[in-house]
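Taking this note's numbering, the leading residue of the sequence shown gets 6, the next gets one more, and so forth.
Ideal placement from N, C-alpha and C gives every residue a C-beta, glycine not left out.
Below is one structure, written out as structure tokens, with a few remarks after it.
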Amino acid sequence: MRCWLAVMVTMRAMSILRDVAGEARLVPVWASASAPRGIQGACQRAGAGAGAGEPAVRGLGAGSGGPRLVRLCRVLYHNFTRRCPAAASLACALAVIGLHAAGPAWAQAQETRVAAPEPAQGLRVFEDVRSWFEAGEAPEGGPWVSGAMLWARSGDGVLARASAVTLDARGLDLAAVLRGPIESASTKVLAGGVRDATWREHWASALKELRLSLELSGPLVPFAPRTFREVDLEVAPGLEGLAVRAGDQLAAIFPSTQQSTGMTPAEALSAAIAQATGVPGLAIPGDPNAEPGALSERHGLAYYRFRTLQVAQTGPGRAGTFLYRGGDLVGESVVNGRSLRAALDEALGHLAWRAESAGGVPAVFDPVTGRTFGASDARQTALAALALARGSRATSDVRTRERAAGAARLLLDARDEPRDAVTRALRLLALLALDADPARADALAEGLAQEAVEGPAASVAATALARARRGDAARSRLDAVYRGTPPGELASHLPWIVWGERALAGEGAIAAAPALRQLREALQVSAMTHADAGDDARDMVGGIVFTAGGASLPSWHTARAVGGLAAMLTTPGLTDDGDRMAELARLVPMLRFLLQLQGAGGATWLYADEELARGGVRAAVWEQRQPIEACAMSALALSEAVEALERLSRARGGDRP
Numbered sequence: 006m007r008c009w010l011a012v013m014v015t016m017r018a019m020s021i022l023r024d025v026a027g028e029a030r031l032v033p034v035w036a037s038a039s040a041p042r043g044i045q046g047a048c049q050r051a052g053a054g055a056g057a058g059e060p061a062v063r064g065l066g067a068g069s070g071g072p073r074l075v076r077l078c079r080v081l082y083h084n085f086t087r088r089c090p091a092a093a094s095l096a097c098a099l100a101v102i103g104l105h106a107a108g109p110a111w112a113q114a115q116e117t118r119v120a121a122p123e124p125a126q127g128l129r130v131f132e133d134v135r136s137w138f139e140a141g142e143a144p145e146g147g148p149w150v151s152g153a154m155l156w157a158r159s160g161d162g163v164l165a166r167a168s169a170v171t172l173d174a175r176g177l178d179l180a181a182v183l184r185g186p187i188e189s190a191s192t193k194v195l196a197g198g199v200r201d202a203t204w205r206e207h208w209a210s211a212l213k214e215l216r217l218s219l220e221l222s223g224p225l226v227p228f229a230p231r232t233f234r235e236v237d238l239e240v241a242p243g244l245e246g247l248a249v250r251a252g253d254q255l256a257a258i259f260p261s262t263q264q265s266t267g268m269t270p271a272e273a274l275s276a277a278i279a280q281a282t283g284v285p286g287l288a289i290p291g292d293p294n295a296e297p298g299a300l301s302e303r304h305g306l307a308y309y310r311f312r313t314l315q316v317a318q319t320g321p322g323r324a325g326t327f328l329y330r331g332g333d334l335v336g337e338s339v340v341n342g343r344s345l346r347a348a349l350d351e352a353l354g355h356l357a358w359r360a361e362s363a364g365g366v367p368a369v370f371d372p373v374t375g376r377t378f379g380a381s382d383a384r385q386t387a388l389a390a391l392a393l394a395r396g397s398r399a400t401s402d403v404r405t406r407e408r409a410a411g412a413a414r415l416l417l418d419a420r421d422e423p424r425d426a427v428t429r430a431l432r433l434l435a436l437l438a439l440d441a442d443p444a445r446a447d448a449l450a451e452g453l454a455q456e457a458v459e460g461p462a463a464s465v466a467a468t469a470l471a472r473a474r475r476g477d478a479a480r481s482r483l484d485a486v487y488r489g490t491p492p493g494e495l496a497s498h499l500p501w502i503v504w505g506e507r508a509l510a511g512e513g514a515i516a517a518a519p520a521l522r523q524l525r526e527a528l529q530v531s532a533m534t535h536a537d538a539g540d541d542a543r544d545m546v547g548g549i550v551f552t553a554g555g556a557s558l559p560s561w562h563t564a565r566a567v568g569g570l571a572a573m574l575t576t577p578g579l580t581d582d583g584d585r586m587a588e589l590a591r592l593v594p595m596l597r598f599l600l601q602l603q604g605a606g607g608a609t610w611l612y613a614d615e616e617l618a619r620g621g622v623r624a625a626v627w628e629q630r631q632p633i634e635a636c637a638m639s640a641l642a643l644s645e646a647v648e649a650l651e652r653l654s655r656a657r658g659g660d661r662p
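In structure tokens, the structure reads:
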């Protein structure tokens with residue numbers, strides 16, 4: 006038996022060694038193995054598997070040949086040492102030999118690790134640049150850097166924007182790069198564009214509203230993606246820039262540009278290819294002849310990635326502060342009753358502003374430009390109405406309550422009920438939350454009770470029917486959801502199935518308690534932890550990946566899980582009294598993630614109007630645009646969380662948390 010195990014392990018080691026021999030590039034840092042549809046396990050996300058004492062493996066990003074062998078040694082040690090020391094020793098020895106066999110590729114990966122400049126250097130250079138703006142000109146012989154991008158805003162406009170990178174080991178003269186933009190910016194605010202005797206007075210007035218952001222890049226590190234899909238998997242969005250060399254031309258897209266436009270890494274590389282070659286549309290994802298590998302062979306293109314350090318003023322007159330992915334990192338320590346109530350009030354204020362907008366509810370708000378895009382459809386509008394109505398019951402601020410309820414009524418004013426069952430169910434839920442128009446609510450409930458609703462609509466309809474006291478109809482639809490949904494996809498019905506079961510049970514037993522408890526465990530395991538996140542995803546801690554839509558990173562959809570888990574927290578039969586504080590502790594990281602997505606944070610340096618952005622929820626941490634669904638579902642989740650904390654506080658006989 007031991008001999009057989011030794012042979013099997015040895016064959017596995019040799020298999021990996023063969024793979025390593027042909028591995029001359031970094032394996033994608035965001036690589037994701039297959040996972041059940043619905044939610045993705047923590048072990049399948051970026052950085053997973055690397056412990057606190059494993060910086061080399063995590064830094065190289067889910068592994069070139071060396072780290073793969075290191076992980077093999079760990080597996081051998083933990084799984085085989087006790088049962089078969091001889092097998093473990095033999096295979097580990099082969100693995101160690103393999104480290105030397107794969108030495109050139111792994112050593113090169115370590116030497117060319119994507120790294121940002123040191124913080125001390127970044128702060129020093131930022132202060133230099135700020136002094137240049139105060140003087141209205143850059144001196145001769147400024148600091149030398151690998152690359153930099155400057156944003157200078159005053160009010161809601163951009164005074165200056167400039168970027169440059171170099172492959173020269175000596176770097177580039179930052180003062181020379183910024184001299185023209187600074188002079189151009191000062192000229193913009195001068196009367197007639199002429200520097201007369203009073204120009205410094207005009208310039209000093211403009212500087213009162215100045216917000217600067219400076220990104221400094223580390224060295225450009227070559228990489229060789231074959232497809233744009235690999236680029237999205239390998240490059241950390243919003244943290245790494247991308248550059249392309251075509252002959253003597255070098256073009257780069259910095260992370261802040263990606264954040265301001267919502268570019269994915271693949272889109273950023275495509276844009277850099279267009280800039281370097283001067284041929285728009287040369288790079289086409291999905292076209293075998295226009296993917297990065299083919300373009301590199303045909304046109305001699307070289308690709309690079311680089312990490313940046315960003316220092317910015319988050320408001321006029323403020324000192325420079327370090328940002329992570331363009332904003333502040335929200336810590337779990339700030340998640341408490343007060344911060345959640347404040348977040349809920351801001352979310353309701355943002356939704357009310359959208360509801361009160363002339364010409365329909367904006368579907369998307371872009372805080373970078375201060376513009377809105379598109380009008381929400383009937384389903385989106387109904388979801389926003391429900392969030393406002395539900396939030397008006399959860400908030401303790403009287404003015405916020407009145408405004409939210411009024412905005413919800415405004416969105417429900419349309420009397421033509423659509424044929425879409427989800428929209429009608431959402432409208433019914435909003436009417437019930439407002440305790441308004443009983444006749445209309447009764448008509449909507451009767452229609453839903455008589456209608457055969459299947460698929461994703463069934464759980465929403467069941468929740469509405471349960472709250473409208475149509476218990477039999479609600480029960481049959483929820484049962485159909487459980488029968489027709491594989492366990493791995495049940496998360497796609499959150500938070501509705503939890504809300505529906507709670508409304509049906511009242512003070513009684515939860516019929517589907519075992520299934521919901523199992524779902525909660527799956528969600529908790531799938532939430533990104535600090536160990537999973539590593540250096541590339543610290544702001545994603547607590548986020549959940551819903552893989553049914555092809556996602557590989559957490560987004561606003563985490564709010565759907567939070568809404569259900571917060572409701573389970575104080576529901577008898579789903580959470581025992583003695584387990585509630587422990588379950589609350591497990592919920593805190595997810596709430597942290599929602600707060601990370603909400604509002605302006607440190608990204609105000611990029612926003613045209615901070616007040617309009619306040620309370621809105623971004624689609625993801627690397628995306629600034631705020632979809633109406635993200636804002637509405639987050640407001641619903643916050644409402645549940647705030648009320649759950651209130652119930653826990655009353656049960657413990659203490660003050661409000």
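query	result
Quick check: what's the CA-CA separation for G539 versus A466?	41 Å
What's the gap between the Cα of R543 and the Cα of H535?	7 Å
Given a cut-off of 8 Å, decide if R597 and V550 are closer than it, judged by their beta-carbon atoms.	no
May I ask you to list the residues that DSSP assigns as paired with M154?	S168 and E220
Could you give the distance in angstroms between the alpha-carbon of R472 and the alpha-carbon of A390?	16 Å
In whole angstroms, give me the CA-to-CA distance for Q315 and G152.	12 Å
Between the region 323-339 and the region 368-377, can you find at least three pairs of beta-carbon atoms closer than 8 Å?	no
How many Å lie between T269 and D133 at the Cα?	32 Å
Going by the beta-carbon positions, is the gap between G223 and R312 smaller than 8 Å?	yes
Could you pull the start and end residues of the beta strand (DSSP E) that F228 belongs to?	V226 to F228
Mind checking R175: buried by the 16 CB within 10 Å criterion, or exposed?	exposed
Is the separation between the beta-carbon of A394 and that of A438 shorter than 8 Å?	yes
For A165 and W156, what's the separation of their Cα atoms in angstroms?	6 Å
Drop a sphere of 10 angstroms on the beta-carbon of T203, count the other beta-carbons inside from all chains shown, and report buried for 16 or more, exposed for fewer.	exposed
Shortest alpha-carbon distance to A656 belongs to which of G411, R591, P577 and G511?	P577
Between A47 and the rest of its own chain, which residues show a CB-CB distance below 8 Å, the 5 nearest in sequence each way excluded?	Note that A47 scores a pLDDT of 43, beneath 50, so its modelled location is shaky; the value from the coordinates is reported in the next line. A53, V530, S531, A532, M533, T534 and D537.
For M154, does the count of other Cβ atoms within 10 angstroms reach 16, so buried, or fall short, so exposed?	buried
Check whether the Cβ atoms of A520 and Y487 lie closer than 8 Å to each other.	yes
What does the alpha-carbon distance come out to for the pair H207 and G160?	15 Å
For F378, write down the residues that DSSP places opposite it in a beta bridge.	V369
Kindly indicate the opening and closing residues of the alpha helix (DSSP H) around A642.	I633 to R657
Measuring only the C-alpha atoms, how far is A510 from G162?	55 Å
Looking at C-alpha atoms only, which residue of A140, G147 and E220 is the closest neighbour of I187?	A140
Using 10 angstroms around the beta-carbon of V647, count the other beta-carbons present and answer buried if the total reaches 16, otherwise exposed.	buried
Taking 8 Å as the threshold, find out whether the region 584-601 comes into contact with the region 221-241 through three or more Cβ pairs.	no
Between T405 and the rest of its own chain, which residues show a CB-CB distance below 6 Å, the 5 nearest in sequence each way excluded?	D350 and L353
Go ahead and pull the three-state DSSP assignment for W627.	coil
For the alpha helix (DSSP H) that contains L436, what are its first and last residues?	A426 to L439
Below 8 Å, can you find three or more Cβ-Cβ pairs linking the region 355-363 to the region 616-631?	yes
Helix, strand or coil: how does DSSP classify G342 here?	helix
May I ask which residues mark the beginning and end of the alpha helix (DSSP H) holding E142?	First-last for E142: undefined, no H or E at that position.
When you compare only the Cα positions, how much space is there between P367 and R303?	44 Å
Taking its Cβ as the centre, do 16 or more other Cβ atoms sit within 10 Å of I289, making it buried, or is it exposed?	exposed
How close, in whole Å, do the beta carbons of A566 and L528 come, if the pair is a contact with beta carbons under 8 Å?	5 Å
Quick check on this structure: which residue in V119, R408 and R359 has the alpha carbon closest to the alpha carbon of E634?	R359
Do R346 and S401 count as a contact pair if the criterion is CB distance below 8 Å?	yes
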